[in-house]
Amino acid sequence: MAGYVQSKEVIIRRLRRIEGQVRGVQRMVDEDSYCIDVLTQVAAINAALQSCAVALLDEHLSCCVTEAITAGGDQAKVKVGEASKAIARLIRA
């Protein structure tokens, strides 16, 4: 089961809002909007995606990783490793 199951609807609403922002940027480009205005909206989309990613990571750490650590064994090491790799990807992005 996904660690974000408790906040699934909130995450879906955030992603739909981001989807709307992307459509808005597409419209801006189609309408030849000023470059800086488009870039400002792209930056807002990036920030919204990062925020969503951090929320998902938080859910993963507080649910999946915590449960694995409580259970112990190799699964705990795997979950912590996955989380570390996810954090590294987010930092590089």
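The sequence shown lines up with residues 11 to 103 when you count with the working numbering.
Every residue gets a Cβ at the ideal spot worked out from N, C-alpha and C, and that includes glycine.
Note that the coordinates shown come from a computational prediction; the quantities given were computed from them, not determined experimentally.
{"Item": "How should LYS172 be labelled, buried or exposed, when 16 other C-beta atoms within 10 angstroms of its C-beta is the threshold for buried?", "Value": "Outside the shown range of the chain, which is 11 to 103, sits residue 172, and nothing can be said about it."}
{"Item": "Given a cut-off of 8 Å, decide if ILE97 and LEU115 are closer than it, judged by their beta-carbon atoms.", "Value": "The chain is shown from 11 up to 103; residue 115 falls before or after that span and cannot be answered."}
{"Item": "Going residue by residue through the segment 23–85, where are the continuous alpha helix (DSSP H) segments of at least 4 residues, counting only ones entirely within it?", "Value": "45–70, 76–81"}
{"Item": "Assign TYR44 to buried or exposed, taking buried as 16 or more other Cβ atoms, counted over all protein chains shown, within 10 Å of its Cβ.", "Value": "exposed"}
{"Item": "ILE79 to GLN85, Cα distance in whole Å?", "Value": "8 Å"}
{"Item": "Anyone know if the C-beta pair for ALA93 and HIS70 falls short of 8 Å?", "Value": "yes"}
{"Item": "Going by beta-carbon coordinates alone, are GLN51 and GLN31 separated by less than 8 Å?", "Value": "yes"}
{"Item": "If you reduce the DSSP assignment to three classes, tell me which class ALA12 lands in.", "Value": "coil"}
{"Item": "Report buried or exposed for GLY13, applying the criterion of at least 16 other Cβ atoms within 10 angstroms of its Cβ.", "Value": "buried"}
{"Item": "Is the beta carbon of CYS74 closer than 8 Å to that of LYS95?", "Value": "no"}
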